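Residue numbers (this note's numbering): 643 to 951. We put the CB at the ideal spot given by N, CA and C, even for glycine. The structure displayed is predicted, hence computed values, not measured ones. Down below is the structure, laid out as structure tokens.
Right under this line is the structure:
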């Protein structure tokens, strides 16, 4: 109960305040959109830049950690796509989008604040290692699978620019990439610059949570409920359970195991809807899965915190 009250509920209260404010007309919906643009376009890239630029890459980019997360995430993508196509009889382009919903966890807006509140700022290093390649990996896998499905492999070369743009054309990845440049190049940064960036960083997570709550108002859990519950089960139960087992089998450190499981246990991120909107496929499933899984993760995250060391 302490974990629920002290760790999880404060995070979801901020998200809930954003939802309530937009739902009741106290804060404009376009304001929530603009807040998300600010956080995802500026504040969170600053946060990721600062984290990656000062991260001990040799210590925290552990192949066992990365495989325990991304190997399982890829497996869940396949489960999601095959389940949608074979069990729920969706066409294969819809199935790829549903698979993407089972792949892309909300590792930044939910995973970071829950880990930080549960175990402290010093416990976030493994989270940042996972976040650093999350968008490139997931978009690369999702877009590649979709373009192969759409073109049956005949025009895959023409899809390469789209894959590259999605992977490297957004501010999150630019922030991560610049962080790697500074880190690997041992480039000293002036204090006035780092102080300014740190001011942006302090605004990142609370503003993003409030904005996410406001954005979720437009997503209604309607129709396709069996598919939506399937996505929720894969993301909130299957993915963290398999990651937990793999991490334990590899003998990950306590901090790495915590970061691994909490990240894997998060609901689909808004990027799941972005991907669905990109291809105009399964948008209702993606939007409703984001909303419902985010709500359910209050309880499932509590459960995973209870079993973690």
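Using CA atoms only, rank isn't needed, just tell me which of the options is closest to residue i.
| i | options | result |
| --- | --- | --- |
| residue 816 | 836, 778 and 947 | 778 |
| residue 915 | 665, 823, 775 and 854 | 854 |
| residue 857 | 881, 655, 674 and 668 | 674 |
| residue 948 | 687, 728, 679 and 760 | 760 |
| residue 671 | 945, 859 and 845 | 859 |
| residue 876 | 662, 719, 704 and 696 | 719 |
| residue 687 | 793, 803 and 750 | 750 |
| residue 917 | 780, 888 and 886 | 780 |
| residue 684 | 866, 870 and 840 | 840 |
| residue 766 | 945, 941 and 692 | 692 |
| residue 922 | 728, 737, 711 and 697 | 737 |
| residue 787 | 735, 887, 707 and 814 | 735 |
| residue 889 | 768, 656 and 827 | 768 |
May I ask which residues mark the beginning and end of the alpha helix (DSSP H) holding residue i?
| i | result |
| --- | --- |
| residue 731 | Note, residue 731: premise wrong, no alpha helix (DSSP H); not H, not E. |
| residue 768 | 767–774 |
| residue 837 | 833–858 |
| residue 943 | 925–949 |
| residue 684 | From DSSP, residue 684 is part of no alpha helix (DSSP H); its letter is neither H nor E. |
| residue 696 | Run containing residue 696: none; DSSP gives neither H nor E here. |
| residue 873 | 867–875 |
| residue 756 | 754–761 |
| residue 882 | 881–892 |
| residue 654 | 651–665 |
| residue 705 | 705–724 |
Take the Cβ of residue i as the centre, count every other Cβ of all protein chains shown within 10 Å, and call the residue buried at 16 or more, exposed below.
| i | result |
| --- | --- |
| residue 837 | exposed |
| residue 823 | exposed |
| residue 789 | buried |
| residue 919 | exposed |
| residue 783 | buried |
| residue 842 | buried |
| residue 772 | buried |
| residue 951 | exposed |
| residue 936 | buried |
| residue 763 | exposed |
How many angstroms separate the CA atom of residue i from the CA atom of residue j?
| i | j | result |
| --- | --- | --- |
| residue 699 | residue 819 | 13 Å |
| residue 850 | residue 713 | 28 Å |
| residue 715 | residue 903 | 12 Å |
| residue 650 | residue 909 | 13 Å |
| residue 733 | residue 905 | 30 Å |
| residue 677 | residue 847 | 11 Å |
| residue 634 | residue 689 | Since the first residue of the chain shown is 643 and the last is 951, residue 634 is not available in this structure. |
| residue 900 | residue 704 | 14 Å |
| residue 878 | residue 664 | 27 Å |
| residue 721 | residue 938 | 21 Å |
| residue 731 | residue 748 | 27 Å |
| residue 880 | residue 872 | 10 Å |
| residue 832 | residue 883 | 44 Å |
| residue 756 | residue 652 | 9 Å |
DSSP has residue i in a bridge; who is on the other side?
| i | result |
| --- | --- |
| residue 910 | 747 |
Using only the heavy atoms of the ligand HEM, determine whether one of them is closer than 7 Å to the beta carbon of residue i.
| i | result |
| --- | --- |
| residue 878 | Among the components modelled here there is no ligand, and therefore nothing to report on the ligand HEM. |
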